[in-house]
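**Q** If you're matching them up, the sequences are chains C and G in order.
For the first sequence, counting from 1, position 256 maps to 256 in my numbering; every step adds exactly one.
Convert by adding 1000 to the 1-based position in the second sequence; the result is the number in my numbering.
Glycine is no exception: its CB is placed at the ideal position from the N, C-alpha and C atoms.
Dropping a structure here in structure tokens format, bear with me for questions.
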Amino acid sequence: MKLAFFGTLGLTTALSTGVMAQTELSMWYHGAGNPAEREVLVGIIDDFNASQSDWVVRLQEFPQAAYNDSVTAAALAGNLPDILDVDGPNMPNWAWSGYMQPLQLSEDAIANFLPGAIGRWQGELYSIGLWDAAVAIFARRSVLEENGIRVPTLDEPWTGDEFNAALDTLKATGDFDYPLDLGMADQSEWYPYAFSPFLQSFGGDLIDRETYTSADGVLNGDAALEFGDWWQGLFQNDLAPGTSQDMAARETGFLDGRYALQWNGNWTALPAIEKYGDDMLFLPAPDFGNGPKIGAASWQFGVSANSDHPDGATAFIEFAIQDKYLAAFSNATGLIPATSTAAALTENYKPGGQLEVFYELSAQQGELRPVTPGYIVMSPLFRKALADIANGADPADALDAATDAIDADIARNNNYGF
Amino acid sequence: MALTTRRSRLSTALRYALLVAVALVFVFPIVFMVMSSLKPDLQLLRDTTSFNAFLPVGDISLDNYFAAFRRAPVALFVFNSILVTSITVAVSLFLCSMAAFSFVFLNWKGRDVVLAAVIATLIVPFETIAIPLLLVVNNLPWIGPNGLTTGWLNTYHVQIVPWIADALTIFLFVQYFKDLPKDLVEAARIDGATWFQVYARVIVPISGPVIATAAILKFLAMYNQYLWPLMVTQSEAFRPVMVGLQYFFQLNVAWGEVMAYLSLITLPVLVFYLALQRAFIASIASTGIKG
Chain C
1 MKLAFFGTLG LTTALSTGVM AQTELSMWYH GAGNPAEREV LVGIIDDFNA SQSDWVVRLQ
61 EFPQAAYNDS VTAAALAGNL PDILDVDGPN MPNWAWSGYM QPLQLSEDAI ANFLPGAIGR
121 WQGELYSIGL WDAAVAIFAR RSVLEENGIR VPTLDEPWTG DEFNAALDTL KATGDFDYPL
181 DLGMADQSEW YPYAFSPFLQ SFGGDLIDRE TYTSADGVLN GDAALEFGDW WQGLFQNDLA
241 PGTSQDMAAR ETGFLDGRYA LQWNGNWTAL PAIEKYGDDM LFLPAPDFGN GPKIGAASWQ
301 FGVSANSDHP DGATAFIEFA IQDKYLAAFS NATGLIPATS TAAALTENYK PGGQLEVFYE
361 LSAQQGELRP VTPGYIVMSP LFRKALADIA NGADPADALD AATDAIDADI ARNNNYGF
Chain G
1001 MALTTRRSRL STALRYALLV AVALVFVFPI VFMVMSSLKP DLQLLRDTTS FNAFLPVGDI
1061 SLDNYFAAFR RAPVALFVFN SILVTSITVA VSLFLCSMAA FSFVFLNWKG RDVVLAAVIA
1121 TLIVPFETIA IPLLLVVNNL PWIGPNGLTT GWLNTYHVQI VPWIADALTI FLFVQYFKDL
1181 PKDLVEAARI DGATWFQVYA RVIVPISGPV IATAAILKFL AMYNQYLWPL MVTQSEAFRP
1241 VMVGLQYFFQ LNVAWGEVMA YLSLITLPVL VFYLALQRAF IASIASTGIK G
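Right under this line is the structure:
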């Protein structure tokens, strides 16, 4: 009896010592309020915690809209977790601000990842994403064919002239409120994410990526002015609803047949397929002279600068980027898995899957937003310039103003380390 | 005579029509919110272009409410907000009214300067002091069930203590107390009452309207807190309703659930307002009337 008692005591002590030996890693994630995403993430964490005896990850979730402010406040208070996730274009700012430290993942571990899922800053890897997102022109095959408009392909996208001609043709039918919906109602990061690729396709950009120290000549150069005139023409010629568009029109206009084409993301693709079935097309961005381009980079995992356990945090991230988890995330959220091998495991992105085209769009046309800490300042300035131009401001003046403000911010911050 | 009566009736009818029109402007958003909370997203969005937005038509159900509870710990958020708001309002009314009492009825050196300084803080936006305040509370000690700890983040008291002293509440009480007859205080003092007895037994019992007004304004301000709790509550366990609202803004916004959540979190505000409505209106009605 005594032997059994002490045996049990010894076993219990040994087990509890084993549990206590696990070092706790705190993790923050932006997905609060998304039960499907939470289920997958909690599953990964449970698997990781059970797979080894050194680390135990504890999750703290935040709603996306409040996440960045929470991280900034926590950084001020010296209260950052070990593992955090970061929106791709914000990563350079967080790295530059000292919120994050380089991620010690081998190049082999991320060799097959989509470019948009890899977060590098100043030559070092800081973050890695489990997924990416992509934008396409939503269209109906029947509408294009009825109006004699060529269906573009990834290899042969519309040229700028073809795209403009298609819009004029669709407008002339009188069947639609507008031939194109750009999503002007969504005055958030959508503007730079979705519309700066048009500028880049014209040959302009938000900043000179050779030096990252000035926007002069690229955001207000000839190519940018050409883009600005084209952009303004869309609204002056009633080819697209402007900034007064409401979210209800954005969300129902294409599905109700009031817009012929829609510039939208893969996360809204399934309802469109449900509505139009085989008639539904997801078309590549038009090529305005410098290649067809779409935005890239979504949320990614990284290690905070405060972490005392970067090895544990890295071990978790390396565990989380296995194909089976990328596929699970994709199946739960509809987003694009970060590797082709994971895509093959998913319902929507496998060969023949109904969203397969988005993987290729992401791989072939994805263009990172400027990889600089100053992007968080550029983003609202570019958004304002686009809105002003759409509302009738002189494109040259609007782009000059944005350029001056961006350059002033860069100078104020000593070129952000470039 | 008949013409005068007819004109008077017409005037009354016009006045009521105008009042009804103004009332509708305020009621319609609430009706829209509640009706939208009962509809599926696509129908909700389509109805926004017609009067159907204000009617319980189409595919009506409570599905959005059930979905809202699945998406976020709604009851926890409401509990947190009510707890933080109730304690803050109660303590704030007590302390701010006592401060106002001392500004109005007690004579002490520098009283007017201090009052002016307190009221001057009304023009300082919270955003300008948010970060310094965060750094301060992050280093403050606290004695609680876990003994002496440092740092107030992720607690209820970090959402309460910084909001107890409030210039607007003090100002409201000061203005009200100034209009009270001084004879009451003097009579009580002659009868031997202490200052606290004068405050508690003479002034507070006749201050119902200003207490109601200050309580409602403080309640609304606290219940609608967003930035401060966002900065100081990283743990879901302490989050209030306004931070919880962000749970519903995903890539594809579930508008029906947003409306259901908003309808739910509006209820405590309505209940609180209705409970104090009579005194609040009395306070508004007496504004500008000198005693």
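1. Can you look up residue 10(C) in the DSSP assignment and give me helix, strand or coil?
2. Since residue 304(C) sits in a beta bridge, which residues does DSSP pair it with?
3. Helix, strand or coil for residue 133(C) per DSSP?
4. Taking only three categories from DSSP, how would you classify residue 323(C)?
5. I'd like to know whether the C-beta of residue 17(C) is nearer than 8 Å to at least one C-beta of chain G.
6. Measure the C-alpha to C-alpha separation of residue 1289(G) and residue 1175(G) and round it to an integer number of angstroms.
7. Measuring straight from C-alpha to C-alpha, what distance separates residue 389(C) and residue 232(C)?
8. For residue 69(C), decide whether its Cβ has a neighbour in chain G, counting only Cβ atoms nearer than 8 Å.
9. Would you tell me roughly how many angstroms separate the C-alpha atoms of residue 1213(G) and residue 1280(G), rounded to the nearest one?
10. Taking Cβ to Cβ, would you say residue 135(C) is nearer than 8 Å to residue 265(C)?
11. Can you find a C-beta in chain G that's less than 8 Å from the C-beta of residue 63(C)?
12. Residue 262(C) versus chain G: which residues are under 8 Å apart at the beta carbon?
13. Taking CB distances under 8 Å as the criterion, tell me whether residue 182(C) reaches chain G.
14. Confirm, please, whether the CB-CB distance from residue 399(C) to residue 385(C) is below 8 Å.
15. When the cut-off is 8 Å and only beta carbons count, does residue 268(C) lie next to chain G?
16. Does the stretch 194–209 of chain C come within contact of the stretch 366–376 of chain C, defined as at least 3 CB pairs closer than 8 Å?
17. Alpha carbons only, please: which of 1045(G), 1202(G) and 1228(G) is nearest the one belonging to residue 1241(G)?
18. Could you give the DSSP three-state label for residue 23(C): helix, strand or coil?
19. Within 10 Å of its beta-carbon, does residue 1238(G) have 16 or more other beta-carbons around it, so buried, or fewer, so exposed?
20. Which residues in chain G sit within 8 Å of residue 33(C), going by Cβ to Cβ distance?
21. Hey, does residue 136(C) have any beta-carbon neighbour from chain G nearer than 8 Å?
22. List, in order along the chain, the chain G residues whose C-beta lies closer than 9 Å to that of residue 251(C)?
23. Within the continuous beta strand (DSSP E) that includes residue 265(C), where are the two ends?
24. Give me the Cα-Cα distance between residue 223(C) and residue 200(C), rounded to the nearest whole angstrom.
25. Under a three-way DSSP split, which group does residue 436(C) fall into?
26. Within the continuous beta strand (DSSP E) that includes residue 368(C), where are the two ends?
27. Please list, in chain order, the chain C residues whose beta carbon lies closer than 9 Å to that of residue 1159(G).
28. Go ahead and label residue 959(G) buried or exposed: buried means 16 or more other beta carbons lie within 10 angstroms of its beta carbon, across all protein chains shown.
29. Restricting to runs no shorter than 3 residues, where is the beta strand (DSSP E) found entirely within the stretch 1208–1266 of chain G?
30. Between the alpha carbons of residue 1087(G) and residue 1274(G), how many angstroms are there, rounded?
**A** In this structure, then:
1. Position 10 of the first sequence, counting from 1, holds the residue named residue 10(C). For residue 10(C), the predicted model reports a pLDDT of 47, less than 50, meaning its position is unreliable and no value from the coordinates is stated.
2. The residue you call residue 304(C) lines up with position 304 of the first sequence. Note: residue 304(C) sits in a beta bridge opposite 100(C).
3. Stepping through the first sequence from its first residue, residue 133(C) is reached at position 133. In the structure shown, residue 133(C) sits in coil (DSSP, three-state: anything other than H, G, I, E or B).
4. Against the first sequence, residue 323(C) aligns to sequence position 323. Here residue 323(C) sits in helix by DSSP.
5. Here residue 17(C) refers to the residue found at position 17 of the first sequence. Only weak support exists for where residue 17(C) lies, its pLDDT of 44 falling under 50; the value from the coordinates is given anyway. It does not: the Cβ of residue 17(C) has no partner Cβ on chain G nearer than 8 Å.
6. In the second sequence, residue 1289(G) corresponds to position 289, counting from 1. In the second sequence, residue 1175(G) corresponds to position 175, counting from 1. Low per-residue confidence applies at residue 1289(G): pLDDT is 46, beneath 50, and the placement is therefore not dependable, though the value from the model is reported in the following sentence. Whole-angstrom Cα-Cα distance: 12 Å.
7. Stepping through the first sequence from its first residue, residue 389(C) is reached at position 389. Stepping through the first sequence from its first residue, residue 232(C) is reached at position 232. Each residue's Cα considered, the two are about 6 Å apart.
8. Along the first sequence, read from residue 1 onward, the residue named residue 69(C) stands at position 69. Yes, because at least one Cβ of chain G sits closer than 8 Å to the Cβ of residue 69(C).
9. Locating residue 1213(G) in the second sequence gives position 213, where the first residue counts as 1. Locating residue 1280(G) in the second sequence gives position 280, where the first residue counts as 1. Answer to the nearest angstrom: the Cα atoms are 5 Å apart.
10. Within the first sequence, the letter at position 135 stands for residue 135(C). Within the first sequence, the letter at position 265 stands for residue 265(C). Closer than 8 Å, so yes.
11. Taking the first sequence and counting its residues from 1, one reaches residue 63(C) at position 63. Yes, residue 63(C) lies at the interface with chain G (some Cβ there is under 8 Å from its Cβ).
12. Start at 1 with the first residue of the first sequence, and residue 262(C) comes out as number 262. Residues of chain G passing the Cβ test: none, with the nearest at roughly 14 Å.
13. Stepping through the first sequence from its first residue, residue 182(C) is reached at position 182. Taking Cβ atoms only, chain G never reaches closer than 8 Å to residue 182(C), which makes this a no.
14. The sequence position of residue 385(C) within the first sequence is 385, counting from 1. The sequence position of residue 399(C) within the first sequence is 399, counting from 1. Yes, Cβ-Cβ distance for residue 385(C) and residue 399(C) is below 8 Å.
15. As a working note, residue 268(C) is residue 268 in the first sequence. Taking Cβ atoms only, chain G reaches closer than 8 Å to residue 268(C), which makes this a yes.
16. yes
17. The residue you call residue 1241(G) lines up with position 241 of the second sequence. Closest option to residue 1241(G), Cα to Cα, is 1228(G).
18. Here residue 23(C) corresponds to residue number 23 of the first sequence, with the count starting at 1. Strand, per DSSP.
19. Here residue 1238(G) corresponds to residue number 238 of the second sequence, with the count starting at 1. Looking at its Cβ environment, which holds 16 or more other Cβ atoms inside 10 Å, residue 1238(G) is buried.
20. Residue 33(C) sits at position 33 when you count from the first residue of the first sequence. Result: 1071, 1072, 1246, 1247, 1248, 1249 and 1250.
21. Along the first sequence, one-based indexing puts residue 136(C) at 136. Not closer than 8 Å to any Cβ of chain G, the Cβ of residue 136(C) fails to qualify, so no.
22. For the purposes of this step, residue 251(C) is taken as residue 251 along the first sequence, with counting starting at 1. Here the neighbours are 1041, 1042, 1045, 1252, 1253 and 1255.
23. Within the first sequence, the letter at position 265 stands for residue 265(C). Its beta strand (DSSP E) spans residues 259–265.
24. For the purposes of this step, residue 223(C) is identified with residue 223 of the first sequence, where counting begins at 1. For the purposes of this step, residue 200(C) is identified with residue 200 of the first sequence, where counting begins at 1. Those two C-alpha atoms are separated by around 9 Å.
25. Nothing can be reported for residue 436(C): it is not among the residues displayed for chain C, which extend from 1 to 418.
26. Here residue 368(C) is taken as the residue at index 368 of the first sequence, counted from 1. 366–368 is the extent of the beta strand (DSSP E) around residue 368(C).
27. Locating residue 1159(G) in the second sequence gives position 159, where the first residue counts as 1. Neighbours of residue 1159(G) on chain C: none; closest Cβ ~14 Å, over 9 Å.
28. The question about residue 959(G) has no answer, for chain G in this structure spans 1001 to 1291.
29. none
30. As a first step, residue 1087(G) must be located in the second sequence, where it is residue number 87. As a first step, residue 1274(G) must be located in the second sequence, where it is residue number 274. When rounded, the distance between both Cα atoms is 19 Å.
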